[in-house]
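Participant: Right, I'll just put the structure down here and ask away after.
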Amino acid sequence: MRIFWLLFSYEWRHFRAAKGLVLLCALLLLTGLYGIYYGTTEMERQRQHLTTLPELSRRNVEELKVKFPGPADAGDIGYYHTTYAVHHPDAWAALSLGQRDINPYYVKLRLLGLQNQLYATDNTNPMKVLSGNFDLAFVLVYLFPLLIIALSFNLLSSEREEGILTLLLAQPVSPGVVVSAKLAFRLAVVLGLAWLLSVVGMLWAQVPLDGRVGTWLGLSTLYCLFWFGVALIITALQRTSAFNAVTLLGVWLLLVVLVPSLLNLGVAAAHPVPQGIELTIKQREEIHAGWDRPKTQTMNRFFALYPQWRDTATIRERFVWRWYYAFQHLGDLAVAKQAAAYANGLQQRYDLVEKLNLLSPAINAQSSLNALAGTDLPTHLKFQRSATAYHDALRAFYYPFLFRKVEFTHNDYAREPTHTFTSQPELSTALRGLGKLLLSVGVVFAAGLLLLRARPINPR
Amino acid sequence: MNYILEARDLRKEYPNKLALQGLNLQIEPGEVFCLLGQNGAGKSTTINLFLGFIAPTSGAAFVNGMEVAANPLKIKEHLAYIPENVMLYPHLTGLENLALFSSLAGFKYKEAELLDYLHHAGLPAEAVRRRVGTYSKGMRQKVGIAIAVAKHAKVLLLDEPTSGLDPKASNEFSQLLTQLSAEGTAVLMATHDIFRAKEVGTRVGIMREGELVDVRPTAALNAQELEQLYLTYMHN
Amino acid sequence: MHSIAQKEFVSTLRDKRFLVLSVLVLALLLAATLVGRASYQTLQQERQLAQQTVNDQFRHQPARHPHRVAHYGSFAFRPRSGLSLLDSGVDSFTGTSVFLEAHQQNSVNFSQAQQSGSLIRFGEMTVAFVLQMLVPLLIIFLCFGAFTQERETGTLKLLLSQGVSLRQVAWGKIWGYSRAVALVVAPALALAAALLFGTEEFTSGADLVGRLVLFVLSYAVYFFLFIVGAVVVSAVQASSRAALVTLLGLWILGCIILPKATANLGATLYPAVTKAQMDADVHEEAQHGINGHDPQDQRSAALKAGLLKKYGVDSEEKLPVSVGGIVMSESEAYSAKVYQQHFADLNATYERQNRLSDWVGLLNPYQAIRPLSMGLAGSDFAHYVHFQQAAEAYRYALVQRLNALQTSMGYGDKERKLDAHTWQQLPLFAYQAPPLGWALPHLLLPVVALLLWAVGLSWLGLRLISNSRLA
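From first to last, the protein sequence lines are chains W, F and X. Just so you know, we're using numbering that gives the first Met the number 0 here: the first sequence kicks off at 0 and counts up by one. Just so you know, we're using numbering that gives the first Met the number 0 here: the second sequence kicks off at 0 and counts up by one. Just so you know, we're using numbering that gives the first Met the number 0 here: the third sequence kicks off at 0 and counts up by one.
Take a look at the structure:
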């Protein structure tokens with residue numbers, strides 16, 4: 000143990016002397032801080048955008064109050080009034096933005112058919128979303144392995160190549176202690192950086208201090224440990240520094256870039272998603288056929304589902320709003336199966352990735368961090384369900400006005416339901432990810448130690 | 000059986016080469032045994048086998064009665080080693096390197112003692128606190144000598160230790176060896192330098208193609224006879 | 000010099016590590032080409048089928064009032080460009096279809112990225128990805144020891160003692176390595192060309208040939224400057240290890256960190272308006288007039304008064320045209336004008352965001368080849384905007400045509416319908432991707448950046464080599 004700490008303390012002196020490595024760590028610290036800055040400003044921007052939406056609704060109501068100065072037909076209001084289903088980010092989202100820049104974080108809703116409103120996207124710059132988010136999760140998942148590689152690719156090989164290893168191993172020091180002291184020192188540096196950035200990020204993003212703090216730290220620690228395990232395996236092979244650098248970068252490329260992109264192709268092929276477009280086309284057909292169908296047929300289908308409105312007056316007019324909204328809703332129901340299949344298809348893709356992400360700890364870490372922050376696909380699907388429920392609530396609010404022919408007064412605007420949804424973390428996904436990372440760490444360390452045992456360190 | 004170094008039928012084979020064929024060798028405390036031979040004759044292999052840096056194909060090496068392969072760490076407490084080209088941590092000073100290696104060997108010296116060892120090894124005082132990266136090969140060699148001496152080991156394993164030393168330093172090194180041997184330290188030295196071997200050695204062994212072909216006490220030979228003997232084996 | 004090139008070429012081919020790596024890269028390239036083609040086929044078929052379906056549906060509408068038809072609307076599907084099988088650019092992150100209807104400009108929905116989890120953010124396996132990121136890595140592994148190894152083994156002095164200059168040695172090496180790299184890349188590009196021109200699914204023509212030729216040329220320049228750069232670094236660095244670490248560091252900085260950082264920085268510096276805000280602003284200005292002049296009801300009243308005056312009648316019933324149709328047409332024209340301004344502003348913001356990355360292309364060749372490659376492949380942002388504008392132009396023309404039909408129906412049009420065959424005479428949406436000549440001006444900056452790099456490296460870098468140490 001004494002020798003371990005002695006070597007550990009000398010590693011610190013070697014590290015300090017190697018200006019390049021210190022610079023690299025400083026650079027990584029800066030990129031990490033930039034990642035936190037970017038993530039928090041991006042989420043701040045989304046939050047700020049979300050706060051403007053009630054203002055837009057209010058302006059819309061003002062306009063309607065001018066347009067309909069007296070009591071109005073609720074059908075007119077439902078047609079012209081826009082409101083928003085909003086998806087507030089969790090505080091953690093600032094550290095792992097996930098898909099929040101791709102999936103819209105609000106949906107503009109009118110009382111019309113839901114299905115051709117639900118999938119509208121926000122303005123996005125495709126070049127920017129192609130380049131991806133420079134958030135803390137990116138720094139941890141992409142860049143930390145590179146730092147670990149830079150620190151450990153010549154763990155023993157540099158001493159061998161510089162000829163120091165012979166003198167070192169001529170002392171009563173076991174090679175295992177030398178390797179573990181070196182690894183432990185690098186681990187301390189890397190974990191120190193990872194924890195420092197994580198804590199800064201958490202404070203900056205003002206996350207609530209709950210169990211997720213531990214989960215986040217656990218995920219980042221295990222992920223770093225995994226890469227140290229890979230470095231251990233490569234060290235145990237006892238090849239040249241150049242070979243180690245190339246091999247480690249190859250492993251990085253494989254796990255962080257190639258496996259994810261190939262998996263993406265495989266998953267898309269395994270679960271072809273019934274294109275969302277099919278359902279919007281079908282819904283349009285349904286709704287517009289509604290205009291041409293006999294009104295009694297439409298209303299009877301509607302009443303079969305909502306018997307509470309059956310005793311309302313028979314429609315004789317050429318146009319009446321309750322009939323209009325009835326066939327709008329029937330249009331939605333006609334594609335309910337497709338809508339469910341679409342959402343299920345996306346969920347199945349996600350689940351399949353969840354099953355297969357043991358193949359690459361990078362995917363595992365990324366999706367676990369996203370799950371922790373509630374920024375991935377399942378959260379978005381939950382939001383869509385919540386928006387659907389909101390649309391139901393809006394219909395339930397307007398139907399009495401429409402079917403009982405109650406006039407819509409200026410006071411009624413304030414009674415209209417509003418919507419809010421805040422991301423919930425997918426804790427079980429994150430914890431499963433933690434378990435799988437632990438398994439990966441166990442595998443690489445076991446392999447590294449076995450290799451080290453099978454081939455004693457050769458000082459030359 | 001008070002041999003400090005012993006090789007019994009020590010054999011090392013590589014896939015394409017027989018590096019050492021059945022070496023038998025006994026060295027007593029206070030002896031200075033010089034291995035002579037061309038490059039690739041098996042001198043360094045022998046030293047590496049005693050250090051446990053490589054594993055023997057068959058046979059065994061013993062240090063102080065302990066088998067090397069079975070006690071890889073324990074035996075190193077009794078060994079000090081100076082390679083042909085001493086390499087040290089370039090960004091530490093000579094003093095710091097000595098401090099590191101001594102403490103790895105389990106010694107806790109005061110700075111004055113460390114300076115003393117460096118001084119005795121012949122390192123100029125001005126160089127002691129300079130980074131090793133600025134040293135010449137000879138200066139590094141002297142730090143290597145200081146490291147070996149400071150270990151107070153029972154055995155000194157030397158692989159061409161004087162290469163890179165100027166004649167004066169070489170001479171000082173010879174005196175140091177004589178002194179250590181008088182104190183009971185055994186020395187196994189691989190060298191090309193026949194005259195140095197004659198001067199400091201108590202016995203010389205001549206190696207050829209992995210085989211120890213002849214062993215002679217140096218007292219029985221003068222330098223010319225030794226050279227003649229060496230050349231005979233090399234050309235045969 | 001020729002013999003040095005030959006020596007590098009031969010020894011490269013004899014290097015087992017290089018063989019393994021290049022076989023891997025070649026396999027990835029071929030796989031990416033085939034995958035690209037397969038995904039091109041499925042997506043293209045899906046979109047063609049969907050476009051066909053909505054076109055049929057549009058033409059086979061029953062007798063309807065034209066404004067009903069304007070709300071029934073149509074869809075525009077974005078066809079993929081032929082070369083997008085090599086570089087899918089932003090295609091996966093842009094929507095595929097837009098619903099075209101009266102009064103409003105809808106978003107382009109259902110992007111590939113929305114249909115997959117965060118997995119897609121790790122990057123996509125395309126030919127461009129292999130060419131832009133992996134081949135440079137192969138080049139680095141190939142060239143990092145170009146000079147350091149010769150120096151470490153002492154052969155450099157031997158070479159120079161034969162009377163060749165350092166510069167000649169460098170050019171020989173560059174030429175030799177170039178041949179080796181070409182050997183790896185050429186088969187994949189040949190396969191792509193065969194797929195593009197040998198099968199019928201692509202509308203091959205001079206435009207496609209031009210794009211492919213420029214595509215290949217750009218990558219040739221890109222690889223060339225990586226080879227020169229790697230050789231220069233190898234000459235300047237003290238050891239092979241230092242050269243390798245420097246080159247890998249540059250690769251990580253250029254291919255991983257900078258592109259993402261600049262894209263993010265651009266978005267932070269030039270914030271874009273949300274769709275909700277933009278729609279509300281467009282609505283506001285269309286209702287109350289741009290800058291509060293000419294509110295819509297005043298415009299409509301003036302229009303009506305003008306009509307009565309023009310036809311010399313005193314009531315709407317006596318007009319030969321439908322006032323509703325005319326008002327609708329005027330308001331569509333007005334709101335489309337307002338929308339176009341806002342849409343142009345939005346795109347200008349995006350272009351400012353993207354420009355930042357393009358300028359960084361002067362410092363980082365990866366950020367020059369990326370826009371150039373996707374621009375030539377027809378899958379960049381400019382091509383996407385071109386599609387959006389074409390869809391909006393079609394939407395506007397269609398809606399105005401339907402408004403004109405409504406106008407011609409005269410007073411009381413709301414009670415009447417137009418014949419089913421009317422809809423068969425309306426034009427359908429057929430997207431014509433812009434030609435190469437349209438795309439090139441957008442790509443000037445990346446082209447200049449690449450050429451500057453190539454010339455600068457050949458000139459400055461080689462001077463550096465001439466002055467580098469021999470031992």
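Note that CB positions come from ideal geometry on N, CA and C, so glycine has one too. Small disclaimer: the values here were computed from a predicted structure and weren't measured.
If you run the structure through DSSP and keep just helix, strand and coil, what is I53 of chain F?
Facilitator: coil
Participant: Quick check: Q347 of chain W and H270 of chain W, are their CB atoms within less than 7 Å of each other?
Facilitator: yes
Participant: Roughly how many angstroms lie between the CA atoms of P455 of chain W and Y116 of chain F, to the nearest whole one?
Facilitator: Whole-angstrom Cα-Cα distance: 33 Å.
Participant: Could one say the Cβ of I456 of chain W lies closer than 7 Å to chain F's Cβ atoms, at least one of them?
Facilitator: no
Participant: With 16 other CB atoms within 10 Å as the buried threshold, where does F57 of chain X fall?
Facilitator: Buried, since its Cβ has 16 or more Cβ neighbours within 10 Å.
Participant: Expressed to the nearest angstrom, what Euclidean distance is found between the alpha-carbon atoms of L22 of chain W and G253 of chain X?
Facilitator: 17 Å
Participant: What does the Cβ neighbour count give for T165 of chain W, buried or exposed, with the cut at 16 atoms within 10 Å?
Facilitator: buried
Participant: Report buried or exposed for S314 of chain X, applying the criterion of at least 16 other Cβ atoms within 10 angstroms of its Cβ.
Facilitator: exposed
Participant: Mind reading off the beta-carbon distance from M376 of chain W to G116 of chain X? Whole number of angstroms is fine, and I expect it under 8 Å.
Facilitator: Checking the sequence, you will find Leu at residue 376 of chain W rather than Met. Between G116 of chain X and L376 of chain W the Cβ distance is about 4 Å, and since that is below 8 Å, they are a contact.
Participant: Quick one: what's got a C-beta closer than 6 Å to Y269 of chain X's C-beta in the same chain, skipping five residues either side?
Facilitator: Around Y269 of chain X, the same chain offers T348, R351 and Q352 as residues with beta carbons nearer than 6 Å, after the five sequence neighbours per side are excluded.
Participant: Starting from D213 of chain F, follow the beta strand (DSSP E) in both directions and report where the run begins and ends.
Facilitator: DSSP places D213 of chain F in the uninterrupted beta strand (DSSP E) bounded by E210 to P216.
Participant: Please classify F318 of chain W as buried or exposed, where buried requires at least 16 neighbouring CB atoms within 10 angstroms.
Facilitator: Label assigned to F318 of chain W: exposed.
Participant: Can the beta-carbon of L302 of chain X be found less than 7 Å from the beta-carbon of Y310 of chain X?
Facilitator: no
Participant: Within this structure, are the beta carbons of G269 of chain F and R7 of chain F separated by less than 7 Å?
Facilitator: An answer regarding residue 269 of chain F cannot be provided, because it is not within the stretch 0 to 235 covered by chain F.
Participant: Could you check where the alpha helix (DSSP H) with R369 of chain X kicks off and where it finishes?
Facilitator: Element bounds for R369 of chain X: Y365 to A376.
Participant: Can you confirm whether F49 of chain F, when its beta carbon is compared against all beta carbons of chain W, has any partner nearer than 7 Å?
Facilitator: False, the Cβ-Cβ gap to chain W never drops below 7 Å.
Participant: Compute the distance between the beta-carbons of P103 of chain W and T120 of chain W, then report whether it is under 7 Å.
Facilitator: yes
Participant: Assess, as a yes-or-no matter, whether the region 203 to 216 of chain X is touched by the region 41 to 57 of chain X under the definition of 3 or more beta carbon pairs within less than 8 Å.
Facilitator: no
Participant: Does any C-beta atom of chain F lie closer than 7 Å to the C-beta of G461 of chain W?
Facilitator: Lying outside 0 to 459, the shown extent of chain W, residue 461 of chain W is not represented and no answer is given.
Participant: How many whole angstroms separate the CB atoms of Y80 of chain F and V131 of chain F, which I take to be in contact at a CB cut-off of 8 Å?
Facilitator: With 8 Å as the limit, Y80 of chain F and V131 of chain F do not qualify as a contact, their Cβ atoms being about 18 Å apart.
Participant: Is there a Cβ of chain W sitting closer than 7 Å to that of P82 of chain F, yes or no?
Facilitator: yes
Participant: For the region 216 to 235 of chain W against the region 144 to 161 of chain W, do three or more pairs of beta-carbon atoms, one drawn from each stretch, fall closer than 8 Å, so that the two count as touching?
Facilitator: In short, these stretches touch, since the Cβ pair count reaches three.
Participant: Say whether chain F places a C-beta atom closer than 7 Å to the C-beta of E160 of chain W.
Facilitator: Interface annotation, E160 of chain W: not in contact with chain F, CB-CB separation never under 7 Å.
Participant: Just to make sure I have the definition right: I need the residues of chain W whose C-beta is within less than 7 Å of the C-beta of V85 of chain F. Which are they?
Facilitator: Listed by position along chain W, the residues whose Cβ is nearer than 7 Å to that of V85 of chain F are L166.
Participant: Judging by CA-CA distance, which residue of W:L5, W:V65 and W:S260 is the nearest neighbour of H80 of chain W?
Facilitator: That would be W:V65, whose Cα lies nearest to the Cα of H80 of chain W.
Participant: Which of helix, strand or coil does DSSP assign to N1 of chain F?
Facilitator: coil
Participant: Would you mind working out which of W:F302, W:Q327, W:R431 and W:T417 sits nearest L357 of chain W, comparing C-alpha positions?
Facilitator: Just measuring C-alpha positions, the residue of W:F302, W:Q327, W:R431 and W:T417 sitting nearest L357 of chain W is W:R431.
Participant: Buried or exposed: which applies to W458 of chain X, given that a residue is buried once 16 or more other Cβ atoms fall within 10 Å of its Cβ?
Facilitator: exposed
Participant: Listed in chain order, which residues of the region 353 to 375 of chain W have Cβ atoms closer than 7 Å to some Cβ of chain X?
Facilitator: I362, Q365, S366, N369 and D375
Participant: Could you say which of W:H13, W:A453 and W:F7 lies nearest to A235 of chain W if we only look at CA atoms?
Facilitator: W:A453
Participant: What separation, rounded to the nearest whole angstrom, lies between the Cα atoms of I205 of chain F and P216 of chain F?
Facilitator: Looking at the two C-alpha atoms, the distance is approximately 12 Å.
Participant: Report yes if the CB atom of I325 of chain X is closer than 7 Å to the CB atom of T267 of chain X, and no otherwise.
Facilitator: no
Participant: Leaving aside the five residues before and after A381 of chain X along the sequence, list all residues of the same chain whose C-beta is less than 6 Å from its C-beta, in chain order.
Facilitator: Cβ neighbours of A381 of chain X beyond the five flanking positions: H441.
Participant: Using the rule of at least 16 other Cβ atoms within 10 Å of the residue's Cβ for burial, across every protein chain shown, is D55 of chain X buried or exposed?
Facilitator: exposed
Participant: Which ranges does the alpha helix (DSSP H) cover as unbroken runs of at least 4 residues, wholly within the region 19 to 79 of chain X, from first to last along the chain?
Facilitator: With a minimum length of 4 residues, the continuous alpha helix (DSSP H) runs that stay inside the region 19 to 79 of chain X are 65 to 71.
Participant: From this set, W:W203, W:S8, W:Q307 and W:A92, which residue's C-alpha is nearest L368 of chain W's C-alpha?
Facilitator: Considering only alpha carbons, the answer is W:A92.
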